Structure formats: C-alpha cells, structure tokens
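Below you'll find the structure, written out as structure tokens, and then a few comments.
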Amino acid sequence: MIRFDNVTKIYHDTVYAVRDVSLSIDKGDLCFIVGPSGAGKTTLLKLIFGLEHPSRGTVSLFGRSLEGLGASSIQAIRRHTGFVFQDFRLIDDWTVYHNAAIILEILGKPAIYVRSRVWRMLKWVGLQHKVYERARNLSGGERQRLALVRAIIHTPDILLADEPVGSLDESMARYMMNMFLKLNKKGTTIVIASHRQDPLMDYAKVIRMERGGITGNP
5 MIRFDNVTKI
15 YHDTVYAVRD
25 VSLSIDKGDL
35 CFIVGPSGAG
45 KTTLLKLIFG
55 LEHPSRGTVS
65 LFGRSLEGLG
75 ASSIQAIRRH
85 TGFVFQDFRL
95 IDDWTVYHNA
105 AIILEILGKP
115 AIYVRSRVWR
125 MLKWVGLQHK
135 VYERARNLSG
145 GERQRLALVR
155 AIIHTPDILL
165 ADEPVGSLDE
175 SMARYMMNMF
185 LKLNKKGTTI
195 VIASHRQDPL
205 MDYAKVIRME
215 RGGITGNP
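Take the position in the sequence shown, starting the count at 1, then add 4; the result is the number in our numbering.
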C-alpha cells in the first residue's frame with residue numbers, strides 16, 4: 005500500500021531530511037515511525053501525502069508511483085488518505101461543525117449526508133456539545149479530537165498522524181491512541197510519527213529513524 009524505494013529528501017542542497025529510506029507498509033497495518041526530533045519523521049509523512057517530493061528514489065501509494073503526477077492526480081490519491089497535522093491546521097474563525105464538514109463539502113457530498121456524517125463523527129469523539137463553538141475556543145485535547153475527525157470524515161484508506169499525542173496529558177493521550185486502535189481494527193492503515201514510546205507499539209509495526217535514516221524495522 006505504501007512503498008519507499010531508496011528515497012532521499014534534501015533541503016537547500018545540503019540538509020538530508022530523509023536518507024536512502026526503503027520501506028513497505030501493508031494494507032491494514034498499524035505502524036509507528038519513532039525517533040527523536042529532527043529524525044525525519046514529519047518529512048516521511050509529507051512524502052507519503054505528496055506535500056514533499058523526493059530528491060531521489062520513488063514513493064508509491066496503492067501500487068502507483070507518485071513521481072511525475074500532476075496536482076489533480078495527487079488530489080485524487082489524497083481522497084483516500086487523511087492527515088492529522090502536528091499543529092492541527094484548524095481554521096480558528098470557523099465552527100467545529102464547519103471545520104469537520106469542509107472536506108465532505110469539497111468532495112461534493114450531498115448536504116444531508118454531510119450533516120449526518122459530521123454529527124455522527126463529532127459524537128464519536130465527544131464533541132457533539134461543541135458543534136457551534138469556534139475552533140479557537142477549544143482546549144488542546146478538543147482541538148486534537150477535531151483534527152482527527154476532519155482527517156477521517158471521508159473514510160480514508162490511509163491515516164497519517166504527526167505527533168498526535170505529543171502535547172496531551174496521559175489520560176487524553178490514551179484516549180486518542182484508543183481512537184487510532186479502533187480505526188485500525190476497522191481496516192484503516194495507520195502511520196503515526198512519534199518521539200515517545202506507547203504500549204500500542206507492542207502490537208504494531210515499528211520503524212525507528214535517526215538522522216533521516218532507518219535504524220530498525222522489525
């Protein structure tokens with residue numbers, strides 16, 4: 005489902021963010037990309053999502069190389085992929101409902117479906133009572149849950165998450181990880197970048213990174 009063949013990403017001609025990485029992540033995998041800050045984890049996720057392009061090597065999704073694809077083809081692939089960004093990327097002036105609904109509206113889904121899906125997903129993460137609240141007024145944990153809803157509202161095959169619990173307390177971090185586990189059990193392929201250990205790693209594929217390269221891939 006996700007494949008890297010000798011992928012290198014260089015910034016400013018000298019900074020190696022990802023260095024000669026080869027890996028494969030299969031359909032239905034729960035995968036952690038683990039390493040310290042600056043190891044290349046975020047760049048790896050951006051390469052999967054098509055936000056960055058490799059300097060060398062090939063990234064493939066769903067059996068198709070991303071090399072040379074135009075914007076419309078990349079967008080088509082993203083319809084099957086969700087991304088929980090480390091900084092959430094919510095629109096603070098919008099309501100919780102609008103932040104959650106925007107992807108479905110862009111995809112042209114019928115209004116009645118959008119309303120039903122948004123309400124169901126907000127209830128799933130315990131935000132139904134915040135539906136008309138502005139995103140700027142949410143707590144950190146609430147913002148993280150809203151970011152998760154927005155990433156999965158269109159039922160993607162692949163979910164990418166960049167440090168999704170890094171700023172949360174232990175209770176909320178466990179809540180979020182349980183959400184990821186439930187999604188994975190329903191068949192979603194999940195790739196989580198993290199600098200911290202988690203009990204779920206005992207049941208997941210773990211890829212360890214350091215200085216842009218892979219140091220461990222059981």
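Think of the CB as a built atom: it goes at the ideal place given N, C-alpha and C, for glycine as much as any other residue. Keep in mind the model is a prediction, meaning the values are calculated, not measured.
Let's see if you can read the secondary structure: which residues bound the beta strand (DSSP E) around residue i?
i           : result
residue 21  : 19–29
residue 82  : Taken as a continuous stretch (DSSP letters only), residue 82 belongs to no beta strand (DSSP E), being part of the alpha helix (DSSP H) at 75–82.
residue 214 : 209–214
residue 162 : 162–166
residue 193 : 193–198
residue 92  : Note, residue 92: premise wrong, no beta strand (DSSP E); not H, not E.
Taking the alpha-carbon of residue i as reference, which of the options has the nearest alpha-carbon?
i           : options            : result
residue 100 : 144, 143 and 136   : 136
residue 83  : 212, 176 and 160   : 160
residue 200 : 22, 175, 41 and 31 : 41
residue 192 : 53, 59 and 31      : 31
residue 95  : 120, 151 and 77    : 151
residue 143 : 173, 49 and 119    : 173
What is the C-beta distance between residue i and residue j, in whole angstroms, given that I count them as a contact (C-beta under 8 Å)?
i           : j           : result
residue 204 : residue 185 : 6 Å
residue 156 : residue 164 : 11 Å between Cβ atoms; not a contact.
residue 129 : residue 149 : 4 Å
residue 34  : residue 190 : About 12 Å; that fails the 8 Å criterion.
residue 36  : residue 171 : Between residue 171 and residue 36 the Cβ distance is about 18 Å, and since that is not below 8 Å, they are no contact.
residue 107 : residue 65  : With 8 Å as the limit, residue 107 and residue 65 do not qualify as a contact, their Cβ atoms being about 18 Å apart.
residue 63  : residue 55  : Rounded, the Cβ-Cβ distance is 11 Å, inconsistent with contact.
residue 118 : residue 105 : 5 Å
Can you tell me whether residue i is buried or exposed, with buried defined as 16 or more other CB within 10 angstroms of its CB?
i           : result
residue 134 : buried
residue 195 : buried
residue 222 : For residue 222, the pLDDT reaches just 42, beneath the cut-off of 50, and the residue's location in the model is therefore unreliable, although a value from the coordinates is still provided. With fewer than 16 Cβ atoms within 10 Å of its Cβ, residue 222 is classed as exposed.
residue 167 : buried
residue 111 : exposed
residue 124 : exposed
residue 182 : exposed
residue 45  : buried
residue 141 : exposed
residue 219 : exposed
residue 18  : exposed
residue 93  : exposed
residue 116 : exposed
residue 75  : exposed
residue 13  : buried
residue 103 : buried
residue 39  : buried
residue 114 : exposed
Run through the DSSP bridge pairs and tell me what residue i is partnered with.
i           : result
residue 63  : 8
residue 86  : 163
residue 68  : 65
residue 218 : 213
residue 14  : 20
residue 138 : 99
What are the boundary residues of the alpha helix (DSSP H) that includes residue i?
i           : result
residue 116 : 115–128
residue 106 : 100–110
residue 37  : Counting along the chain, residue 37 falls outside any alpha helix (DSSP H), though it belongs to the beta strand (DSSP E) covering 34–38.
residue 175 : 174–189
residue 157 : From DSSP, residue 157 is part of no alpha helix (DSSP H); its letter is neither H nor E.
residue 204 : Where residue 204 is concerned, there is no enclosing alpha helix (DSSP H), given that its DSSP letter is neither H nor E.
residue 49  : 45–53
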